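Visitor: Mind having a look at this structure? Questions to follow.
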Amino acid sequence: MDILNQFFMALISLFTPPLSKILILVNRLISKLSYFSKTPSIKNPLMNIPGPRAFPIFGSSWQYSDWWFGMYKMEKYHESNEDKYARYGPVVRENVLWNFPLIHLFEKEEIEKVLNSKSKYPLRPPNEADVYYRNSRPELYNNIGMVNLNGPSWHTLRSTLTKPLTKSSTITNYVAHMNLIADDLTSLIKRRQNEQGIIKDFQDIVYRAGLETVCTVALERRMGFLADTIALDTARILNAIQGYQSSSNESMYGLPWWKYVPETFSGVFTSLVKHKDYLFGTFGAMIDENLVQNKDFCDEESIIHQLVSGNVDIKDVKASVVDYITAGVDTIGNTVIFALLLLAKYPEKQKKLQAEIERVLGSENYITKENIQEMKYLKGCVNESFRLYPTASQIARILDEEIITSNGHSLPPGSVVLCHQRIASLQEQNFTRAKEFIPERWLESEAVTEFGTTNYAHNKSLVMPFGFGKRICPGKKLAEQEIYIMTAKLMKNFNLRLHDASDFDVEFRFLLMPSLDNLQIQATSRD
């Protein structure tokens, strides 16, 4: 095979670019087929781990295919993992494309062994499509990005870019902006209600509020996503973000033909490139405009000011802004929607939260950082929403040391593992009445009354919607602040209920998201 590979590489050099790309594709496929047609070594300890049946080349991906009578659907990926846990136990091997073993961990003990391992630079698998894209755009990117990097280069970039996001004064600086955006959201909902109070595009409106927030934080300007009629340029940004997220989902979880065919033949990757190029160009131009108009960025606590004045390379500033916006919109939007849906489903919890808001705010509408600290039940509601429906329902790691699981399986260095903290959070041994929405469990004084005992399960360390440890999302505190303000404002102004439904559905599209296709939210003004 080495000789054949050398022959192909020599042949490729003789041809024009279009034909050479085809020959590269053939060479890659032959190499892959040769490697993965070999019988797996019985010495590989991962082969002893139970899991779904794998076929040559395609591994276990047949499970998600309608063509091959698969039992799962990708949009219900979270449910497929619950089924794997029930079928195979706490440690499961799932061979993905080319029979690469992916290890699922479903219980607290195994998850903690991985996440608490003492690693100077915790490793995580990169997003291959995003890496390929960034490497193809050296004029835009200095590196493959903080999310994709590992090792010392990741640590250096993270240390450079994240300091402004974690400063208390910076977070406080955006309280006023977040209040205004939440007020605009409230006003838009009132204008969008029909005579019965039903908001048909509720999910879209809340996502737009999340996008308005992250753009205000990252770009120091209001974008107009909450206007009654969105400007054409603003609509293009919204469509580009949605298109990029959809393309990222397909490139990561679908069959990765984009790796093996020329870019022009890969619809998914072409779409990803188109949307990401547009976002970088648009947001980059806004940053350049700010630099020209105000070289010193009057607001010294603004994130851009701190990055630019800290002599961070402008390409890294622009890349981090695009990353923050595309990641933050889902975190804020999804969390607020899930929290509101749960409160609409459980009206007694909704009334209890509204009573707390009235006690803390009185007739005031402006929410301060101190107000948020006082609203313990609000935080309990958000934490409980995070537990039941975290946007990121699993945490990925690449092991840099061997781990022995509780049932004796050896996970050698280099193993790729998924820690399913959401599934662990739904287990009764970790949380009493685990599948119920009980915000009181997060308030020690009320939990004893709720459960009727001091001996209740509450493993709060499993709730980590922003990641864990050194690789935790640096924008966590900013996102939480906006989630609290937005949720409190909406609860102060509206009574919410699910219209003609007792529950709501959930789907997986790169992240865990509410599915509101056939669900309507009814909002009654509390004025």
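Going letter by letter, the sequence shown gives residues 824 to 1350 in this note's numbering.
Don't be surprised by glycine CBs; every beta carbon is placed ideally from N, CA and C.
Owing to the predicted nature of the structure, the values given are computational and were not obtained by experimental measurement.
Over the uninterrupted beta strand (DSSP E) stretch that includes Gln1343, give me the two end residues.
Guide: Start at 1 with the first residue of the sequence shown, and residue 1343 comes out as number 520. It spans Gln1343 to Ser1348 - the beta strand (DSSP E) in which Gln1343 sits, taken as one unbroken run.
Visitor: Where does Phe838 fall in DSSP's three states?
Guide: Indexing the sequence shown from 1 puts residue 838 at position 15. Confidence at Phe838 is low in this model, with a pLDDT of 44, below 50, so its placement is unreliable and no value can be given for it.
Visitor: Runs of 4 residues minimum, wholly inside the segment 1180-1210: which ones carry the alpha helix (DSSP H) assignment?
Guide: For the segment 1180-1210, whole alpha helix (DSSP H) runs of length 4 or above, ordered along the chain, are 1192-1197.
Visitor: Mark Arg1031 as exposed unless 16 or more other C-beta atoms lie within 10 angstroms of its C-beta, in which case mark it buried.
Guide: For the purposes of this step, residue 1031 is taken as the residue at position 208 of the sequence shown. Under this definition Arg1031 is a buried residue.
Visitor: Given a cut-off of 8 angstroms, decide if Leu1266 and Val1144 are closer than it, judged by their beta-carbon atoms.
Guide: Against the sequence shown, residue 1144 aligns to sequence position 321. Against the sequence shown, residue 1266 aligns to sequence position 443. No, the Cβ-Cβ distance between Val1144 and Leu1266 is not below 8 angstroms.
Visitor: Any idea which residues DSSP pairs Leu928 with across the strands?
Guide: Numbered from its first residue, the sequence shown carries residue 928 at position 105. Answer is Val914 and Cys1242, bridged to Leu928.
Visitor: Terminal residues of the continuous alpha helix (DSSP H) containing Pro1337?
Guide: For the purposes of this step, residue 1337 is identified with residue 514 of the sequence shown, where counting begins at 1. Taken as a continuous stretch (DSSP letters only), Pro1337 belongs to no alpha helix (DSSP H), being part of the beta strand (DSSP E) at Leu1334 to Ser1338.
Visitor: Look at the alpha carbon of Lys1192 and the alpha carbon of Asn958, and state the distance between them as a whole number of angstroms.
Guide: Taking the sequence shown and counting its residues from 1, one reaches residue 1192 at position 369. Taking the sequence shown and counting its residues from 1, one reaches residue 958 at position 135. Their Cα atoms are separated by approximately 41 angstroms.
Visitor: To the nearest angstrom, report how far apart Trp1081 and Glu951 are at their CA atoms.
Guide: On the sequence shown, position 258 is the one that residue 1081 refers to. On the sequence shown, position 128 is the one that residue 951 refers to. Trp1081 and Glu951: Cα-Cα distance of roughly 10 angstroms.
Visitor: Using DSSP bridges, identify the partner residues of Asp1328.
Guide: Position 505 of the sequence shown, counted from the first residue, corresponds to residue 1328. Asp1328 pairs with Ser1338.
Visitor: So for Phe1274, helix, strand or coil by DSSP?
Guide: Position 451 of the sequence shown holds residue 1274. DSSP places Phe1274 in helix when its eight states are reduced to three.
Visitor: Compute the distance between the beta-carbons of Glu1035 and Ile1004, then report whether it is under 8 angstroms.
Guide: One-based indexing of the sequence shown puts residue 1035 at position 212. One-based indexing of the sequence shown puts residue 1004 at position 181. Yes, they are a contact pair.
Visitor: Could you pull the start and end residues of the beta strand (DSSP E) that Ile880 belongs to?
Guide: The count along the sequence shown starts at 1 and reaches residue 880 at position 57. Element bounds for Ile880: n/a, residue is neither H nor E.
Visitor: Considering just the uninterrupted stretch of the beta strand (DSSP E) at Phe1025, what are its terminal residues?
Guide: The count along the sequence shown starts at 1 and reaches residue 1025 at position 202. Not the beta strand (DSSP E): Phe1025 falls in the alpha helix (DSSP H), residues Phe1025 to Leu1042.
Visitor: Mapping DSSP to helix, strand and coil, what is Leu848?
Guide: Numbered from 1 along the sequence shown, position 25 holds the residue referred to as residue 848. Per-residue confidence for Leu848 stands at a pLDDT of 48, beneath the threshold of 50, marking its modelled position as unreliable; the derived number appears in the next sentence. Helix at Leu848.
Visitor: Mapping the DSSP letters down to three states, classify Leu972 as helix, strand or coil.
Guide: The residue you call residue 972 lines up with position 149 of the sequence shown. Here Leu972 sits in coil by DSSP.
Visitor: Quick check on DSSP: helix, strand or coil for Arg1256?
Guide: Indexing the sequence shown from 1 puts residue 1256 at position 433. Coil.
Visitor: Can you tell me where the alpha helix (DSSP H) holding Leu1392 begins and where it ends?
Guide: There is no way to answer for residue 1392, as the model of the chain reaches only from 824 to 1350.
Visitor: Would you call the CB atoms of Glu1351 and Ile1246 closer than 8 angstroms?
Guide: Absent from the model: residue 1351. The displayed extent of the chain is 824 to 1350, so no value can be given.
Visitor: Is DSSP giving Gly1220 helix, strand or coil here?
Guide: Within the sequence shown, residue 1220 is the residue found at index 397, counting from 1. Sequence check: residue 1220 is Arg here, not Gly. Arg1220 falls in the strand class under three-state DSSP.
Visitor: Rounded to whole angstroms, what is the Cα-Cα separation between Lys1199 and Ile1180?
Guide: Taking the sequence shown and counting its residues from 1, one reaches residue 1199 at position 376. Taking the sequence shown and counting its residues from 1, one reaches residue 1180 at position 357. Their Cα atoms are separated by approximately 10 angstroms.
Visitor: Would you call the CB atoms of Arg981 and Met969 closer than 8 angstroms?
Guide: Here residue 981 refers to the residue found at position 158 when the sequence shown is read from its first residue. Here residue 969 refers to the residue found at position 146 when the sequence shown is read from its first residue. Their beta carbons are under 8 angstroms apart, which means Arg981 touches Met969 by this criterion.
Visitor: Cα separation between Val943 and Thr1052?
Guide: The sequence position of residue 943 within the sequence shown is 120, counting from 1. The sequence position of residue 1052 within the sequence shown is 229, counting from 1. Checking the sequence, you will find Lys at residue 943 rather than Val. About 49 angstroms.
Visitor: Please list, in chain order, all residues of the same chain as His1232 whose beta carbon is under 6 angstroms from its beta carbon, the five residues on each side excluded.
Guide: Working through the sequence shown from its first residue, we reach residue 1232 at position 409. Excluding sequence neighbours, His1232 sits near Ile872 and Val914.
Visitor: In whole angstroms, give me the CA-to-CA distance for Val1329 and Leu1165.
Guide: Within the sequence shown, the letter at position 506 stands for residue 1329. Within the sequence shown, the letter at position 342 stands for residue 1165. For Val1329 and Leu1165, the distance between alpha carbons rounds to 12 angstroms.
Visitor: Compute the distance between the beta-carbons of Tyr1067 and Leu1095, then report whether it is under 8 angstroms.
Guide: Indexing the sequence shown from 1 puts residue 1067 at position 244. Indexing the sequence shown from 1 puts residue 1095 at position 272. Their beta carbons are under 8 angstroms apart, which means Tyr1067 touches Leu1095 by this criterion.
Visitor: Is the segment 1286-1306 touching the segment 1152-1170 in the sense that three or more CB pairs, one from each, lie closer than 8 angstroms?
Guide: Contact between the segment 1152-1170 and the segment 1286-1306 is present, because at least three Cβ pairs lie under 8 angstroms.
Visitor: Under the three-state reduction of DSSP, which class applies to His1232: helix, strand or coil?
Guide: Position 409 of the sequence shown, counted from the first residue, corresponds to residue 1232. DSSP places His1232 in coil when its eight states are reduced to three.
Visitor: Does DSSP put Tyr1021 in a helix, in a strand, or in coil?
Guide: The residue labelled residue 1021 in the question sits at position 198 within the sequence shown. Per the sequence shown, the amino acid found at residue 1021 is Ile instead of Tyr. Note: Ile1021 maps to strand in three-state DSSP.
Visitor: Using the beta-carbon count (16 or more within 10 Å), is Thr1272 buried or exposed?
Guide: Here the question's residue 1272 lines up with position 449 in the sequence shown. Looking at its Cβ environment, which holds fewer than 16 other Cβ atoms inside 10 Å, Thr1272 is exposed.
Visitor: Indicate the three-state DSSP secondary structure (helix, strand or coil) for Glu1251 in the structure shown.
Guide: Mapped onto the sequence shown, residue 1251 falls at position 428. Coil at Glu1251, not helix or strand.
Visitor: Considering Asn965, what are the terminal residues of the alpha helix (DSSP H) in which it resides?
Guide: The count along the sequence shown starts at 1 and reaches residue 965 at position 142. Looking at the DSSP string, Asn965 is not in any alpha helix (DSSP H), and its letter there is neither H nor E.
Visitor: Can you tell me where the alpha helix (DSSP H) with His1098 in it begins and where it stops?
Guide: Here residue 1098 is taken as the residue at index 275 of the sequence shown, counted from 1. Segment Gly1090 to Gln1116, the alpha helix (DSSP H) holding His1098.
Visitor: What is the residue span of the alpha helix (DSSP H) that Phe1161 lies within?
Guide: For the purposes of this step, residue 1161 is taken as the residue at position 338 of the sequence shown. First-last of the alpha helix (DSSP H) with Phe1161: Ile1137 to Lys1168.
Visitor: Return the chain-ordered list of same chain residues with a C-beta closer than 7 angstroms to the C-beta of Thr1009, the five sequence neighbours on each side being excluded.
Guide: Numbered from 1 along the sequence shown, position 186 holds the residue referred to as residue 1009. Same-chain partners within the cutoff: Lys1312, Leu1313 and Asn1316.
Visitor: Give me the Cα-Cα distance between Val1240 and His1128, rounded to the nearest whole angstrom.
Guide: Walking along the sequence shown from the start, residue 1240 turns up at place 417. Walking along the sequence shown from the start, residue 1128 turns up at place 305. Between Val1240 and His1128, the C-alpha separation is close to 38 angstroms.
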